[in-house]
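As numbered in this note's numbering, residues 350 to 533 make up the sequence shown, in order. Cβ atoms here follow ideal geometry from the backbone N, Cα and C, with glycine treated the same way.
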Amino acid sequence: MSYGLLDRLAEYAGLSEMETQRIAQSQNWLHVILQKVEEGYSANPQNLSSMVKAIGFHVGAETVGARESAIIHQVIFSQQKDKGLGRFLRQHKLIFDGGQISPNYWVAVHGTEHSIGVEADHAEDAVKALNQVVQYTQATESQVIAWADEGFSHFNQTQLVFFQSLYTELQSKLQLQTALTVMK
Numbered sequence: 350m351s352y353g354l355l356d357r358l359a360e361y362a363g364l365s366e367m368e369t370q371r372i373a374q375s376q377n378w379l380h381v382i383l384q385k386v387e388e389g390y391s392a393n394p395q396n397l398s399s400m401v402k403a404i405g406f407h408v409g410a411e412t413v414g415a416r417e418s419a420i421i422h423q424v425i426f427s428q429q430k431d432k433g434l435g436r437f438l439r440q441h442k443l444i445f446d447g448g449q450i451s452p453n454y455w456v457a458v459h460g461t462e463h464s465i466g467v468e469a470d471h472a473e474d475a476v477k478a479l480n481q482v483v484q485y486t487q488a489t490e491s492q493v494i495a496w497a498d499e500g501f502s503h504f505n506q507t508q509l510v511f512f513q514s515l516y517t518e519l520q521s522k523l524q525l526q527t528a529l530t531v532m533k
């Protein structure tokens, strides 16, 4: 469903398949972000601290993801549902062998302004896993908290770099667009 939603977003933007591929492959900073996410989730199953750090990273990702999904859903699919992108996505269902579904479902299942969605459930399960680490291993509670905090901090830093990079790229595109408009 996530790829279906991305396809619909590209369709809404009027991008050809070649343009979509060029965009997906052109962002060096995006590869850095994906590498940071991979690092955050990488864990050695033989190393408790690396496992707990990965769980801490996951808690951050799921907690923020739940809120992001709720905001996206509220703006695009509630406040703007009869306008622009919201209307387009409602009118352009994803077709599967078993039927059809709105691309909005990918966002809604992860959280809306009225429901917590799977992201919040996953965050809660990850916190339960951290509690079980304290209960079933030799690690102290303070050590588990410190390890989890390292993973959580890694996620926060990754998120910060993502939004700074996105902002920088959007600013440069806006400046280019403004310059081209002035030249006309």
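Proximity of residue i and residue j at Cβ, strictly below 8 angstroms
i    : j    : result
I382 : A475 : no
T517 : K385 : no
V401 : V493 : yes
L434 : Y361 : yes
E387 : H471 : no
W455 : L354 : yes
W378 : S521 : no
Classification of residue i by the beta-carbon crowding that lies within 10 angstroms, buried from 16 upward
i    : result
L525 : exposed
K432 : exposed
S451 : buried
H380 : exposed
F501 : buried
F406 : buried
A469 : buried
A528 : exposed
L523 : exposed
L509 : exposed
L479 : buried
Spatial neighbours of residue i in its chain, beta-carbon cut-off 7 angstroms, leaving aside the 5 residues before and after
i    : result
N505 : G409
A359 : T369
Contact set for residue i: own chain, Cβ-Cβ below 6 angstroms, skip 5 residues either direction
i    : result
N309 : Residue 309 lies beyond the residue range present for the chain, which begins at 350 and ends at 533; the question has no answer from this structure.
H441 : R357
H503 : G389, F406
Q429 : G435
I421 : V456
E499 : K402
S398 : W496
Close-in-space but distant-in-sequence residues of the same chain around residue i (CB under 8 angstroms, 5 per side omitted)
i    : result
G466 : A415, S418, A419, A457, V458, H459, G460
Q449 : K442, L443
V413 : F504, Q508
Q484 : none
Minimum Cβ-Cβ distance from residue i to chain C less than 8 angstroms
i    : result
A528 : The chain inventory of the structure shown lacks chain C, comprising one protein chain alone.
Q: Check whether the segment 388-396 touches the segment 486-494, counting contact only when three or more Cβ pairs, one atom from each stretch, lie closer than 8 angstroms.
A: They do not touch, by the three-pair rule.
Q.
Below 8 angstroms, how does it come out for the segment 366-379 and the segment 461-481: are there three or more Cβ pairs, yes or no?
A. no
Q: Tell me the start and end of each unbroken alpha helix (DSSP H) in the segment 358-416 that is at least 4 residues and wholly inside, in chain order.
A: Listed in chain order, they are 366-375, 377-390.
Q: Taking only runs that begin and end inside the segment 440-478, name each unbroken beta strand (DSSP E) of 3 or more residues, in chain order.
A: 443-445, 448-450
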